[in-house]
Structure formats: C-alpha cells, structure tokens
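Colleague: Numbering follows the working numbering, in which position 72 of the sequence shown is assigned residue number 141; successive positions increment by one, without gaps.
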Amino acid sequence: MRSAARAAGLPAQAAPPSGAGPDPEPGPVWTAELSREDDTLDTLAEEWDDLAARCRTATFFQAADWQRSWWRHYGTPGGLLVVTVRRDGLLVGAGAFRRRGGPLGGLTALGGGLVDFTDVLFDDDCADRAAAEFAAALPLTRPWHTLELREVHPEAAVQKVFEHWRGRRRRFADSLCQYLPAVSMEQLLKRVPGKTAQRSRVKLRKIAEAGVEVRSTPVAEVPAALEELLRLHFLQWQERGVTREHRTERFARHVAESTTGMVASGRAVVHQFRLDGELMAVNLLLLCPSFGGLYLYGAHPQLRERLDIAGLLFAAALDETVGAGIPVLSLLRGQEPYKQRWRPDRLPNQRLLFGPKGPAPAVTARAGAIRVRQAAAHVLRTRFPRLKEALLARRRC
70 MRSAARAAGL PAQAAPPSGA GPDPEPGPVW TAELSREDDT LDTLAEEWDD LAARCRTATF
130 FQAADWQRSW WRHYGTPGGL LVVTVRRDGL LVGAGAFRRR GGPLGGLTAL GGGLVDFTDV
190 LFDDDCADRA AAEFAAALPL TRPWHTLELR EVHPEAAVQK VFEHWRGRRR RFADSLCQYL
250 PAVSMEQLLK RVPGKTAQRS RVKLRKIAEA GVEVRSTPVA EVPAALEELL RLHFLQWQER
310 GVTREHRTER FARHVAESTT GMVASGRAVV HQFRLDGELM AVNLLLLCPS FGGLYLYGAH
370 PQLRERLDIA GLLFAAALDE TVGAGIPVLS LLRGQEPYKQ RWRPDRLPNQ RLLFGPKGPA
430 PAVTARAGAI RVRQAAAHVL RTRFPRLKEA LLARRRC
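(1) Using only CA atoms, which one of 381, 432, 285 and 215 lies nearest to residue 407?
(2) Determine the closest residue to residue 405 out of 379, 398 and 175, with distance taken between C-alpha atoms.
(3) I'd like the span of the beta strand (DSSP E) that includes residue 285, first residue to last.
(4) Please check the pair residue 341 and residue 300, which I expect to be a contact at CB under 8 Å, by giving their CB distance rounded to whole angstroms.
(5) Please report the distance separating the alpha-carbon of residue 412 from that of residue 260.
(6) Helix, strand or coil for residue 104 per DSSP?
(7) Provide the residue span of the alpha helix (DSSP H) that contains residue 119, from first to last.
(8) Within this structure, are the beta carbons of residue 154 and residue 199 separated by less than 9 Å?
(9) With DSSP as the reference, identify every bridge partner of residue 399, one or two as the case may be.
(10) Flag this pair as touching only if the region 236-246 and the region 419-426 have three or more C-beta atom pairs under 8 Å; answer yes or no.
(11) Buried or exposed: which applies to residue 137, given that a residue is buried once 16 or more other Cβ atoms fall within 10 Å of its Cβ?
(12) Residue 428: which of 210, 193, 296 and 156 sits nearest, CA to CA?
(13) Would residue 304 pass as a contact of residue 214 if the rule is Cβ separation under 9 Å?
(14) If contact is defined by three or more beta carbon pairs under 8 Å, each pair taking one atom from either stretch, is the region 221-235 in contact with the region 430-448?
(15) Give me, in chain order, the residues of the same chain whose beta-carbon lies closer than 8 Å to that of residue 190; leave out the 5 immediate sequence neighbours on both sides.
(16) Please name the residue in 230, 201 and 168 whose C-alpha comes closest to that of residue 188.
(17) Mind checking which residues open and close the alpha helix (DSSP H) that includes residue 233?
(18) What residue from 148, 182, 185 and 157 has the CA that sits closest to residue 175's CA?
(19) Is residue 317 helix, strand or coil by DSSP?
(20) Please tell me whether residue 212 and residue 358 are closer than 9 Å, where the distance is taken between their beta carbons.
(21) Of all the options 400, 372, 318 and 312, which has the alpha carbon lying nearest to the alpha carbon of residue 353?
(22) Identify, in the order they occur along the chain, each residue of the same chain with its Cβ nearer than 6 Å to the Cβ of residue 384, setting aside the five sequence neighbours on each side.
(23) Short of 6 Å in beta carbon distance, which residues of its chain neighbour residue 343, apart from the five on each side in sequence? Order them along the chain.
(24) Report yes if the C-beta distance between residue 325 and residue 205 is below 9 Å; otherwise report no.
(25) Taking the alpha carbon of residue 98 as the point to measure from, which residue in 376, 160 and 156 has its own alpha carbon closest?
(26) Assign residue 347 to one of three DSSP states: helix, strand, or coil.
(27) Tell me which residues share the same chain as residue 362 and place their Cβ nearer than 6 Å to its Cβ, disregarding the 5 neighbours each side in the sequence.
(28) Is it right to say residue 185 is buried, meaning 16 or more other beta carbons lie within 10 angstroms of its own, or is it exposed?
(29) Taking residue 288 as the reference, which of 267, 339 and 160 has the closest Cα?
(30) DSSP has residue 367 in a bridge; who is on the other side?
(31) Leaving out the 5 sequence neighbours to the left and right, which residues in its chain are closer than 7 Å to residue 129 when beta-carbon positions are compared?
(32) Could you work out which residue in 218, 166, 349 and 376 is closest to residue 436 when comparing CA atoms only?
(33) When the Cα of residue 141 is compared with those of 108, 366, 169 and 216, which residue comes out closest?
(34) Would the beta-carbon of residue 396 fall within 9 Å of that of residue 250?
(35) Hey, would you say residue 252 sits closer than 9 Å to residue 387, going by beta carbons?
(36) In three-state DSSP terms, what is residue 429?
What follows is the structure in structure tokens.
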C-alpha cells in the first residue's frame with residue numbers, strides 16, 4: 070500500500086491553550102495503491118462499476134465486464150498494473166494498464182486496437198483531487214519509463230491526470246471520431262441536403278414496406294447472436310477483407326463474454342434483423358450516459374442488394390439511444406462513406422504520452438516515432454490514397 074496523503078507544507082503548530090475550543094474536524098484520508106495481481110480486476114469488479122456510475126466521462130470500454138474480459142483473453146500473466154485511489158476507504162479513482170514489450174517497454178492501456186476510447190475513472194465529487202493522487206502514484210520514475218494512452222477523448226477523465234503530471238508529457242492528435250445527435254430519423258434527415266434526404270426517405274419507406282423485424286436480444290441469447298454477427302460480418306466483407314483480429318477465436322470469446330455482461334447491466338444492446346423469417350443482420354450497440362456507439366455489425370450480402378443497410382442500422386440505433394435518454398449517437402472511429410452521408414460532427418481523439426521528471430530519452434524517442442508515423446500517414450492519406458487503401462486491405466486479410 071502506498072500512501073498518497075501529503076503534508077500541506079505549513080509550519081508545525083503548538084497545541085491550543087486550554088479553553089481554546091475543540092480541535093478542528095480531521096480531513097479525509099487519501100490513499101493510493103498499485104496492484105499487480107492478475108485477478109485484481111475481478112476482485113474490484115463491483116467497486117469498479119460503482120465508481121464508473123459516479124464518473125460522468127466513463128464509456129462502455131471502462132466497464133468492468135469489458136476490462137476483465139479483455140485482460141482474460143489478451144493479457145499476459147504478470148503484465149497487469151491497476152492504480153486505485155481511495156478517500157476514507159471509498160474507491161474514487163481507478164485505472165488499469167499493461168506492460169508493453171519492446172526495447173523501450175513502458176505502460177499502455179488495456180484494449181489495444183479494439184477500443185475507441187481509453188480512459189480512467191474518477192468520482193465526479195472529487196475528480197480533481199483524485200486525479201492528483203492518481204498522478205502521484207503512477208510508477209514512472211526511471212528515464213526509460215513511459216505511459217502511452219491511445220484514443221483519449223478531449224473530455225476524458227485522464228486529461229486531469231495529464232494536467233497534474235509533473236514529469237515529461239506530450240499530446241498528439243489520434244483517430245477521428247464522429248457523432249450525431251440522438252434524434253428521430255426524420256430530424257436527422259434535416260442535417261443532409263434536400264436531394265440526399267429525399268433519396269434516404271425513399272430507402273426508409275422501402276425498408277418499412279419490406280417488413281423487416283427488429284428484435285433486441287435477451288441476455289441468454291447474446292453469445293449465439295454474436296456468433297451470427299461474426300459469421301455475417303465475414304460474409305459481407307469477404308470480397309474486401311476483414312480486420313484480421315476479428316477472425317480470431319480470442320476476439321470471438323472476448324466480445325461474447327464482455328457483451329453478455331454489458332447487456333445484463335444495460336450497457337449494450339444486440340439487435341437482430343429478420344426478413345421473411347430469416348436472420349439477415351446483427352448489430353452491436355454500446356451504451357453509456359453520454360452517448361451510444363455503433364461498434365460492430367454483420368449483414369448478409371443479399372440484404373444489401375435489397376435494402377439500405379445503413380438506414381436500417383441507424384434507425385434501430387437511434388430508436389434505442391433516444392429511448393434510453395442518451396443525447397448522442399457516436400459512429401466511433403473510421404470515416405467510411407456510409408457515415409458521411411449523415412453529415413456527422415467530427416472530433417479527434419488524442420494520444421497522451423507521460424514520462425518521468427528530468428532526462429527522459431524514452432519519451433523523446435517515442436514522441437519522435439509518433440511524429441514520423443503521423444507524417445507518413447498524412448502523406449499516404451493526401452498524396453497516395455490508393456496505396457493507403459491497398460495497405461489497409463492487406464492488414465484486413
């Protein structure tokens with residue numbers, strides 16, 4: 070146990086004279102702890118989700134079900150580090166990291182390329198103080214120590230840790246995320262040009278006339294529904310390549326395990342779409358108080374030939390998000406053409422890099438590598454878009 074309570078730096082005071090009144094009430098006791106046991110996330114699960122409910126910036130990727138499942142299927146034994154902050158024993162700050170291999174080592178967040186938002190958790194009632202205690206507890210003391218966090222929302226809780234950090238730090242742009250207001254489909258169509266809105270209304274009428282049945286999946290049926298989602302996902306992308314990791318058994322196990330728990334707690338919904346009694350599409354919608362997120366879907370190619378898949382999925386997601394009182398529907402990362410049709414608002418995530426005080430060659434080297442890769446990506450995107458698409462296709466296969 071590492072104590073994070075600190076002296077205030079004031080001079081020592083003599084005992085008050087007799088009759089000077091009662092002693093002032095003692096302040097809260099703050100403590101911070103570093104846990105490296107592989108079962109720490111399981112042990113903290115109930116407290117973790119209770120804290121997430123008190124953290125306005127928490128997303129579905131910070132849910133205990135997602136974090137625990139990812140660590141079980143992707144973690145390396147002995148590589149977990151969990152930082153916790155308590156105020157009078159109550160958990161008010163928490164974050165999970167993993168040790169990264171390679172010559173520079175360091176820490177990074179759980180989730181890898183499978184999450185669209187990385188963050189930690191702080192109780193809204195004491196977020197600033199909890200972030201300061203959290204920053205002081207991070208074990209980044211040697212010149213080769215770093216903590217690198219990808220896909221950080223500009224309003225994420227970990228931004229407070231960045232503000233309190235007294236060592237080396239760097240901030241970079243990361244993936245672009247896109248957002249739509251959670252409103253009715255008719256209101257959403259007011260965002261797009263008249264001709265596009267008219268064509269979309271025709272497509273939506275065709276969906277309604279086709280009689281597509283939309284059903285939310287009960288918890289007990291979630292694993293089977295996600296198996297169908299992945300089957301349809303592979304089928305729809307077989308000509309253009311599927312993200313390689315989505316083909317693995319560990320991803321299938323992770324998404325089934327984590328989603329089952331999140332459906333049970335109201336953090337996710339799995340929609341099934343049937344046409345003429347046959348299952349033709351499955352969509353996974355993740356939910357948090359700030360926004361819903363369209364995470365992954367699968368659709369039969371024959372359905373695409375008959376109906377507008379984007380309109381079908383967006384309509385169901387909007388209905389679910391609006392019904393839950395959630396104000397925003399996130400399209401998460403990626404700039405696929407079907408997303409641009411709705412004129413979404415754009416907001417880039419950030420990439421945060423932390424290092425120790427004083428000389429920090431690892432931070433300098435890592436920051437340089439990030440700049441080089443971002444410059445290369447910019448050149449590919451702006452000057453050689455076809456080459457970029459070819460490289461992405463190879464990664465998917």
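In this text, a Cβ means the ideal position worked out from N, Cα and C, and glycines have one as well.
Modeller: The relevant details are as follows:
(1) Each of 381, 432, 285 and 215 was checked against the Cα of residue 407, and the nearest Cα belongs to 381.
(2) Out of 379, 398 and 175, 379 has the C-alpha closest to the C-alpha of residue 405.
(3) Where residue 285 is concerned, the enclosing beta strand (DSSP E) stretches over 282-285.
(4) A Cβ-Cβ distance of about 13 Å is found for the pair residue 341 and residue 300, leaving them out of contact under the 8 Å criterion.
(5) Near 7 Å, if we compare the C-alpha coordinates of residue 260 and residue 412.
(6) Strand, per DSSP.
(7) Element bounds for residue 119: 109-121.
(8) Their beta carbons are under 9 Å apart, which means residue 154 touches residue 199 by this criterion.
(9) Beta-bridge analysis with DSSP links residue 399 to 248 and 362.
(10) At 8 Å Cβ cutoff, the stretches touch.
(11) Of the residues assessed, residue 137 falls on the buried side of the cut-off, its CB having 16 or more other CB atoms within 10 angstroms.
(12) Taking the Cα of residue 428 as reference, the smallest distance to any Cα among 210, 193, 296 and 156 is reached at 210.
(13) No Cβ-Cβ contact shorter than 9 Å links residue 304 with residue 214.
(14) They do not touch, by the three-pair rule.
(15) Taken in chain order, the residues that qualify are 117, 120, 121, 124, 127, 131, 162, 163, 164 and 226.
(16) The candidate whose alpha carbon is nearest that of residue 188 is 230.
(17) Start and end: 227-233.
(18) Nearest to residue 175 by alpha-carbon distance, out of 148, 182, 185 and 157, is 148.
(19) If DSSP states are grouped into helix, strand and coil, residue 317 belongs with coil.
(20) Against a cut-off of 9 Å, the Cβ pair of residue 358 and residue 212 comes out as no contact.
(21) For residue 353, the closest C-alpha among the options 400, 372, 318 and 312 is that of 400.
(22) These residues qualify, in order along the chain: 254.
(23) Excluding residues within five positions, the ones whose Cβ falls inside 6 Å are 282.
(24) Going by C-beta atoms, residue 325 is not nearer than 9 Å to residue 205.
(25) Residue 156 is the option with its Cα nearest to residue 98.
(26) In the displayed model, residue 347 falls within a strand according to three-state DSSP.
(27) So the qualifying residues of the chain are 355, 399 and 401.
(28) Under this definition residue 185 is a buried residue.
(29) Of 267, 339 and 160, the residue nearest in Cα terms is 339.
(30) Residue pairing for residue 367: DSSP places it in a beta bridge opposite 351.
(31) Apart from the 5 residues on each side of it in sequence, residue 129 sits with its Cβ closer than 7 Å to the Cβ of 135, 331, 336, 337, 355, 356, 357 and 362 in its chain, given in chain order.
(32) Nearest to residue 436 by C-alpha distance, out of 218, 166, 349 and 376, is 218.
(33) Comparing Cα-Cα distances from residue 141 to each of 108, 366, 169 and 216, the minimum goes to 108.
(34) Residue 396 is a Cβ neighbour of residue 250, given a cutoff of 9 Å.
(35) Going by C-beta atoms, residue 252 is nearer than 9 Å to residue 387.
(36) DSSP places residue 429 in the coil class of the three-state scheme, outside both helix and strand.
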